[in-house]
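Worksheet: the structure to be examined is printed underneath.
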Amino acid sequence: MTSLPTAEERSGKKLGLVIDLDTCVGCHACAVSCKEWNTQGYSAPLTDENAYGADPIGAWLNRIHSYEVETQDGQPNRTVHFPRSCLHCEEPACVTVCPTGASYKRAEDGIVLLNPDTCIGCKLCSWACPYGAREYDPSHGVMKKCTLCVDRIYNEHLEPEDRQPACVRACPAGARHFGDLGDPESAVSKLVAEREGYDLLPQSGYKPVNKYLPPRPRRMGAEDEAGDRPKVLETLGVGDGSLTDQFFKWADKVLSR
Amino acid sequence: MHPAYSVIFFTTASGAGYGLLALLGLGAIFGAAFPQGPLFCIIAFGLSLGLITLGLLSSTFHLGHPERAWRAFSQWRSSWLSREGVAAVATYAPAGLFGLLWLAGFEGTIVWKALGFLSAVFAAITVWCTGMIYGCLTTIRQWNHTLVAPVYVVLSAATGLVLFALLMQSFGAGQTWHVGLAMTGLVAAGLIKVIYWLSIDKEPRDLTIGDATGLGRLGTVRQFESPHTQTNFVQREMGYKVARKHARKLRLMCLLLGFGVCFVACGLTFILPAWAATAWLVIATGAAAFAVVVERWLFFAEAEHVVNLFYGTPQA
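Residue numbers (my numbering), protein chains in the order written: chain A, 1 to 257; chain B, 1001 to 1316.
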């Protein structure tokens, strides 16, 4: 059923991830661990084509971007690693556009899932998602997406500490947190409140459940804050147009002949 | 957006087929002087239902599992694609009966007219649903536009009108108003498309990579490294850029070589003998087909998906 569960049907539980952009080191361990778990679990197979060739392509449920941010407020410029996967939206358009009922949002915990046995592979859900969360698996002919490791989190055959998504379990930096974002008293909700976690593209209206914690401001040394950071270039006499600088430029030109 | 050939063929062919079907239905109500005999009926329904059926079949070619296509009739409560599927199949019922009654000689009866009316209504609903599949997607600025579904309907009507004029003319039943109506449809098609293009060009591209990532609060954001060395499905499907740089030329080709040539060819039939008029209407049909195929190609190629922001596109 691709109509979304009504407010009465929903349990109030909103399972999701909180991703800390301050501590993510961009190691891709979460993506690899996700691929490894899901290629044998609910989303199996999660195929790569031409994996060792010149132009490999494959379905992955988690992608790690890296951005550089040129700051304007005196903070140093920085690199931000940015994992991107399904945000398990409260109002997911990927579900409502699905013509077959293969896509659905679970009333009991809010997980957005896809039934690989009824998906016709029309790809319309991938068009409806602004976050690029759904990928087509050509070898299987169906769409693949993050299941929030639904086959781990309730799995009583696993040790209690392993009953969380594979990406969260694998993260060596502690940058990924899993929990109930519908419960204001949960650890993840408190973390979001404390660190001012935010939604991706809130104007899309899909109300993502997953939250991103912004990078913290960098601590500046006392010298920096006083504004008398040593002017490295000037003390070396390089590039400042001084007599020494002109001499070295002349020397460089002569020696380059 | 990547233009899938099967979808371009489907939307243009079935669009023309539904347009022709609707005109046969409307012609029945308003008492158009259809040629006598079963041959016209067979050719007219063969052409319209043939185009519709070929289009629908081709639309299943881009599916990962065409054998499961029947499942797409189930989610009409929420999905425009499902509604289109239901409407498309439902149209066969009144259209089939309409054609059978015609063939059986019940032409002119009230039931025959009612079925013609229903065929026209169902055809219009189906084409509207096709447009809304695209029009409801908020992720693509060029598609999430009030004119998208109307454009589908107007272009379907225009191509249907050209086919209708050709059909009537080739059976020696051509009248001035057939061609006149087709020319009116072509002007409407060209106009609504120009208004749509001007409108999407004027809209601000105000979403940035900083908005998408939420990192804009820190400063200017640029892609430092892609998540993967080769392009993935999302980039191949949503990041299509090939025709975009030729968009202006292709728009002009669509308007001048397509709708324009079709309009002139239609106009020439007024001053030519009947046999030549048929030939010119064949040329007009070819030009109309060219116009809608180029238009549909551009509709996909010019569509910019917001997900490209995550892959380093500065604005969308």
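No residue lacks a Cβ here, since even glycine has one placed at the ideal position from N, Cα and C. The structure presented is a predicted model; accordingly, all values stated were derived computationally and were not measured.
Is the CB of residue i under 9 Å away from at least one CB in chain B?
| i | result |
| --- | --- |
| A:Gly132 | yes |
| A:Ile153 | no |
| A:His177 | no |
| A:Asp55 | yes |
| A:Met220 | no |
| A:Leu201 | yes |
| A:Tyr42 | no |
| A:Thr79 | yes |
| A:Asp73 | yes |
| A:His88 | no |
| A:Cys30 | no |
| A:Leu113 | no |
| A:Thr147 | no |
Within 10 angstroms of its Cβ, does residue i collect 16 or more other Cβ (buried), or is it exposed?
| i | result |
| --- | --- |
| A:Asp137 | buried |
| B:Met1001 | buried |
| A:Val25 | exposed |
| A:Gln246 | exposed |
| A:Glu234 | Residue confidence for A:Glu234 is low, a pLDDT of 48 falling below 50, so the modelled location carries little weight and cannot support an answer. |
| B:Ala1157 | buried |
| B:Trp1275 | exposed |
| B:Ser1014 | buried |
| B:Ala1022 | buried |
| B:Asn1308 | buried |
| A:Arg219 | exposed |
| A:Ala226 | Residue placement at A:Ala226 is flagged as unreliable, the pLDDT there being 49, under the threshold of 50; the coordinate-derived value follows with that caveat. With fewer than 16 Cβ atoms within 10 Å of its Cβ, A:Ala226 is classed as exposed. |
| B:Ser1082 | buried |
For residue i, would you say it is in contact with chain A, using Cβ-to-Cβ distances shorter than 9 Å as the test?
| i | result |
| --- | --- |
| B:Pro1038 | no |
| B:Gly1319 | One cannot answer for residue 1319 of chain B here, as it falls past the ends of chain B, which runs 1001 to 1316. |
| B:Ala1212 | yes |
| B:Val1306 | yes |
| B:Gln1075 | yes |
| B:Thr1313 | no |
| B:Leu1056 | no |
| B:Met1066 | Checking the sequence, you will find Pro at residue 1066 of chain B rather than Met. True, the Cβ-Cβ gap to chain A drops below 9 Å. |
| B:Phe1224 | yes |
| B:Phe1010 | no |
| B:Ile1209 | yes |
Note down, in chain order, each residue of its chain lying with its Cβ closer than 7 Å to the Cβ of residue i, except the 5 sequence neighbours on either side.
| i | result |
| --- | --- |
| A:Val183 | Here residue 183 of chain A turns out to be Asp, not Val, going by the sequence shown. Within the same chain, A:Asp183 has close Cβ partners Ser189. |
| B:Phe1122 | Ala1087, Ala1090, Thr1091 and Pro1094 |
| B:Gly1216 | Thr1208 and Gly1210 |
| B:Val1007 | Ser1059 and His1062 |
| B:Gly1085 | Ala1072 and Phe1073 |
| A:Thr39 | Pro45 and Leu46 |
Indicate the three-state DSSP secondary structure (helix, strand or coil) for residue i in the structure shown.
| i | result |
| --- | --- |
| A:Asn62 | strand |
| B:Gln1169 | helix |
| A:Arg257 | coil |
| A:Phe248 | helix |
| B:Ser1119 | helix |
| A:Pro5 | coil |
| A:Lys211 | strand |
| A:Glu68 | strand |
| B:Asp1211 | helix |
| A:Pro83 | strand |
| A:Ser242 | coil |
| A:Arg10 | coil |
| B:Ser1058 | helix |
| B:Ser1082 | helix |
| A:Asp20 | strand |
| A:Arg106 | coil |
| A:Ile111 | coil |
| B:Arg1236 | helix |
| A:Leu258 | Beyond the ends of chain A as shown, which are 1 and 257, falls residue 258 of chain A; an answer cannot be given. |
| B:Leu1298 | helix |
| B:Val1282 | helix |
| B:Thr1146 | coil |
| B:Ile1195 | helix |
| B:Thr1130 | helix |
| B:Val1221 | strand |
Can you name, in chain order, every residue of its own chain whose Cβ lies under 6 Å from the Cβ of residue i, other than the five neighbours on each side?
| i | result |
| --- | --- |
| A:Cys89 | Tyr206, Lys207 and Pro208 |
| A:Ser204 | Pro130 |
| A:Ile57 | Glu49 |
Does any heavy atom of the ligand ZN sit closer than 8 Å to the C-beta of residue i?
| i | result |
| --- | --- |
| B:Ser1074 | Among the components of this structure there are no ligands whatsoever, and the ligand ZN is therefore not found. |
For residue i, collect the residues of the same chain with a Cβ closer than 8 Å to its Cβ; drop the 5 residues on either side in sequence, then sort them by chain order.
| i | result |
| --- | --- |
| A:Gly132 | Arg63, Arg84 and Ser126 |
| A:Ser33 | Ala166, Cys167, Arg169 and Ala170 |
| A:Lys249 | none |
Is the CB of residue i under 9 Å away from at least one CB in chain E?
| i | result |
| --- | --- |
| A:Lys123 | Within the model displayed, chain E is absent; protein chains A and B are what it includes. |
Whole beta strand (DSSP E) elements within the region 129-170 of chain A, 3-residue minimum = 135-137 and 142-144
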